[in-house]
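I have placed the structure first, in the form of structure tokens, so that the comments after it can refer back to it.
Residue numbers (this note's numbering): 44 to 186.
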């Protein structure tokens with residue numbers, strides 16, 4: 044493994060805590076309902092899966108993984124044509140975002156710093172990170 048870094052989404056952890064407290068208070072006050080309980084558990088699992096973003100680079104792939112791996116994306120290094128540090132606009136949001144203008148897909152967990160990778164097939168992706176210089180260098184050295 045050439046590079047591995049995990050960024051924690053503290054805002055998402057705070058939201059997760061608030062959701063758990065809200066669901067707990069609902070469960071205490073309401074009659075037991077297994078469908079509601081299962082729905083609440085699924086919501087907590089989905090929110091928790093976006094609490095961190097791990098970026099890994101090995102000899103062949105640049106891989107990103109949200110949380111415990113419910114969503115994972117791999118890019119062949121040989122298909123990447125360039126990488127550069129960028130700042131995301133506040134309205135680009137967090138999580139997985141598909142933008143039509145500019146045409147790109149964003150993977151972000153926290154903050155506004157990112158590395159934009161351009162693929163040889165002209166697709167553009169942005170990977171949010173709290174260490175953009177290092178990630179940019181690692182990608183450029185690997186492609």
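We put the CB at the ideal spot given by N, CA and C, even for glycine.
Leaving out the 5 sequence neighbours to the left and right, which residues in its chain are closer than 6 Å to residue i when beta-carbon positions are compared?
{"i": "residue 148", "result": "141 and 168"}
{"i": "residue 129", "result": "157 and 159"}
{"i": "residue 97", "result": "49 and 108"}
{"i": "residue 81", "result": "none"}
{"i": "residue 126", "result": "158, 160, 179, 182 and 183"}
Apply the 10 Å Cβ neighbour rule to residue i and answer buried if 16 or more other Cβ atoms are within range, or exposed otherwise.
{"i": "residue 71", "result": "exposed"}
{"i": "residue 76", "result": "exposed"}
{"i": "residue 132", "result": "exposed"}
{"i": "residue 151", "result": "buried"}
Throw me the rounded Cβ distance for the residue i and residue j pair, which I believe falls under 8 Å.
{"i": "residue 171", "j": "residue 154", "result": "7 Å"}
{"i": "residue 124", "j": "residue 166", "result": "With a Cβ gap of about 10 Å, residue 124 and residue 166 do not count as contacting."}
{"i": "residue 105", "j": "residue 120", "result": "6 Å"}
Excluding five sequence neighbours on each side, which residues of the same chain lie with their C-beta closer than 7 Å to the C-beta of residue i?
{"i": "residue 110", "result": "91, 92, 93, 94 and 95"}
For residue i, which residues of its own chain have a beta-carbon under 8 Å away from its beta-carbon, when the five flanking residues on both sides are left out?
{"i": "residue 115", "result": "106, 107, 108 and 109"}
Enumerated in chain order, which unbroken segments of the beta strand (DSSP E) with a length of 3 residues or greater are wholly contained in the stretch 100-130?
104-109, 114-119 and 123-130
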